[in-house]
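Numbering (the numbering used here), first residue to last: 1127 to 1634. Glycine included, every Cβ here is placed at the ideal spot set by N, Cα and C. Data first, discussion second: the structure below is written as C-alpha cells.
Okay, structure coming up:
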C-alpha cells in the first residue's frame, strides 16, 4: 500500500506540445530563468533560515524566555537544525529518483511548514529545538533538491549562471531575514522573534503548490522513467527543438549505458570508479562550511561583541550589513562565473577568505587588549570582506561542482551525500564555534585561516576542471564510463572512450 501511494506522488501526466503550435522552436532562456527563479524559492527558504536565528538567540528577551543553560545549549538550538537538514539531504537520494525532483521539493515544503509553525509557537528550548529539526529536514531537502533540478534544466555553458541565480535568491533570503529581525527587534513585546519565524510559511506554501502543479519534471529524470517523448518535449521547451534532439540522444545513450553496466546502488557510491567523484563532491561541500562561513553568519552579533562593539543595536545593524554584502556580491557569479574555471574561482575565494579571517583575528585581539578604542569598529569590514570572496566563489562553486560531476543514475544519491557532507560540517561549525570562541577567543579564527589553506591545496591538486562540460560528459571526464564498460566486458574506443548502447524509445 505504501509503495502504491509513493508511486502516485510522481508526475504521471503526459507532456505534449501545445495544440496548434507549429515549426521548429528556438531556445527559450526566459523559460529556463523563470523556472530557476521559481524553484529557487527553496533556496530563499534556505537562506532565510541561515540568517534568521543569529540575532534571535543573541536577544536578551529570547534568552530570558527560553533560559538556555549555557553556550552549548544555545549552540544546540542553532546546530540541531543542521541535523534535520542532513537527514533531509540524505532523503534526496531516494525521493528525487522515485518521486521526481520537483515533487521532492513539494514534499519538503509540507515538512517545512510544520516545523516553522512549531518553532514559532515554542515556549521552551525543547519545543523550539524539535521545531528546528523538523524545519531543517525541509530546508535540507530544498538545499540539495533545488541545485539538482536547476542543473538538469540548464544549458551546459550557463550552468554556473543558473546556480548563481539560485545563490543570489538564497542571499536575498538572508538579507530579508537580517532586516526583518532588525525591524521586529524594535518591538517592545518579548515575543517579537515569533514573527520572522512564522513569515517563512508563505513562500513555502507557494513553492510546494507550484512544484506540484506547474514545474515540469527534469528531462533526465523522465528518461530514467522511460518517458522519452515527455523528456524530449521538456527539453524542447527549454532549449529549442534542435538542441532537444541532440541532448535526447546523449541522455538516452548515457542512461542506457549506465543501466547496462550498473544498478546504481548506494554501495556503488563508495566503490571505484564512482568513489572518486563521491569524495570530490563531499569534499568540496565539506570545505564550503568548515572554512567558517556559518560560524560568522550564525553568530555575527557575538563576533562583533568580541570585537569591541558592545551596543546590541549597533551590532545588529552591522549584522544587517552582512546581508546587504551577501546579496550585492551574489550578482557577480551570475555574469562572470562561467567565464573562468571552477577551480580558479574557488582558489581566488580562499585567498580572500583566509585574509578576512586573519583580519578578524587581529581586530578581536586588539579589542581584547584595547577595550573602548574606536578602532575596534574596523572589525565590521572583515566579515564583509569574507562574504565578498565567499559569494563570488564557494557560494556558487561548491554547489555547481557537486551537482554536475555525477553520472545521471548516480546524481540523486551523489547530491544527497555531498549535501549531507555540507550539513554535517555545518553542524560541527555551529555546535563547536560558541564554546571554542568562549575558550580561546580570537584563536577560533586562526583555526579557520588554517583550514582555508588546506582547502586551497584540495582544490588545486585534487579537483578536476569541469567548466563547459555537459552533464553527460562527466562520466567520461572522470573515467567512470570506460572503467564500468571494461568491467562489463564491453569494448572501449581507445581514442574517444566512447561506448554506444542501443535502447528502444518508449512511448509515454
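Should residue i be flagged as near chain C, meaning a C-beta pair shorter than 8 Å?
i            : result
residue 1556 : Checking the listed chains, one finds no chain C in this structure; it contains a single protein chain.
Mind checking whether residue i and residue j have CB atoms under 8 Å apart?
i            : j            : result
residue 1585 : residue 1472 : yes
residue 1330 : residue 1235 : yes
residue 1638 : residue 1485 : Within the shown structure, residues of the chain are numbered from 1127 to 1634, placing residue 1638 beyond reach of any answer.
residue 1380 : residue 1534 : yes
residue 1201 : residue 1237 : no
residue 1218 : residue 1538 : yes
residue 1356 : residue 1452 : no
residue 1416 : residue 1555 : yes
residue 1275 : residue 1228 : yes
residue 1511 : residue 1411 : no
residue 1323 : residue 1428 : no
residue 1423 : residue 1262 : no
residue 1291 : residue 1162 : yes
residue 1596 : residue 1376 : yes
In whole angstroms, give me the CA-to-CA distance for residue i and residue j.
i            : j            : result
residue 1132 : residue 1146 : With a pLDDT of only 45 at residue 1132, under the threshold of 50, the placement of this residue in the model should not be trusted; the figure read from the coordinates follows. Each residue's alpha carbon lies about 35 Å from the other.
residue 1273 : residue 1384 : 22 Å
residue 1231 : residue 1500 : 48 Å
residue 1144 : residue 1531 : 34 Å
residue 1629 : residue 1378 : Because residue 1629 carries a pLDDT of 48, less than 50, the predicted location of this residue cannot be relied on, and no value is offered for it.
residue 1521 : residue 1252 : 32 Å
residue 1321 : residue 1388 : 50 Å
residue 1141 : residue 1503 : 58 Å
residue 1599 : residue 1543 : 21 Å
residue 1130 : residue 1220 : In this predicted model, residue 1130 has a pLDDT of only 48, less than 50, meaning its place in the structure is not dependable; the value taken from the coordinates is given anyway. One C-alpha to the other measures close to 15 Å.
residue 1306 : residue 1248 : 19 Å
residue 1325 : residue 1302 : 11 Å
residue 1268 : residue 1527 : 17 Å
residue 1602 : residue 1169 : 31 Å
residue 1197 : residue 1206 : 14 Å
residue 1316 : residue 1438 : 16 Å
residue 1442 : residue 1304 : 8 Å
residue 1605 : residue 1404 : 13 Å
residue 1215 : residue 1546 : 5 Å
residue 1338 : residue 1271 : 14 Å
residue 1474 : residue 1382 : 39 Å
residue 1456 : residue 1319 : 27 Å
residue 1090 : residue 1294 : What the structure shows of the chain is the stretch from 1127 to 1634, and residue 1090 is not part of that stretch, so it cannot be assessed.
What are the boundary residues of the alpha helix (DSSP H) that includes residue i?
i            : result
residue 1394 : Unbroken run through residue 1394: none, as it is neither H nor E.
residue 1207 : 1197–1224
residue 1230 : 1227–1246
residue 1445 : 1438–1455
residue 1326 : It is not in any alpha helix (DSSP H) - residue 1326 carries neither H nor E in the DSSP assignment.
residue 1147 : No alpha helix (DSSP H) holds residue 1147; DSSP gives it neither H nor E.
residue 1363 : 1354–1365
residue 1581 : 1569–1588
residue 1608 : 1606–1613
residue 1513 : 1507–1518
residue 1305 : 1285–1310
residue 1175 : 1167–1183
residue 1641 : Because the chain here runs from 1127 to 1634, residue 1641 falls outside it and cannot be looked at.
residue 1272 : 1251–1279
residue 1089 : Outside the shown range of the chain (1127 to 1634) lies residue 1089, about which nothing can therefore be said.
residue 1319 : Premise fails: residue 1319 is in no alpha helix (DSSP H) and is neither H nor E.
residue 1698 : For the chain, the structure presents residues 1127 to 1634; residue 1698 sits outside this window and is missing.
residue 1534 : Looking at the DSSP string, residue 1534 is not in any alpha helix (DSSP H), and its letter there is neither H nor E.
residue 1345 : 1345–1350
residue 1188 : 1186–1192
residue 1500 : Looking at the DSSP string, residue 1500 is not in any alpha helix (DSSP H), and its letter there is neither H nor E.
residue 1603 : 1600–1603
According to the neighbour-count rule (16 or more other Cβ atoms, all chains shown, within 10 Å of its Cβ), is residue i buried or exposed?
i            : result
residue 1497 : exposed
residue 1266 : buried
residue 1175 : buried
residue 1335 : exposed
residue 1099 : One cannot answer for residue 1099 here, as it falls past the ends of the chain, which runs 1127 to 1634.
residue 1347 : buried
residue 1587 : exposed
residue 1285 : buried
residue 1190 : exposed
residue 1461 : exposed
residue 1149 : exposed
residue 1610 : buried
residue 1580 : exposed
residue 1463 : buried
residue 1332 : exposed
residue 1345 : buried
residue 1552 : buried
residue 1469 : buried
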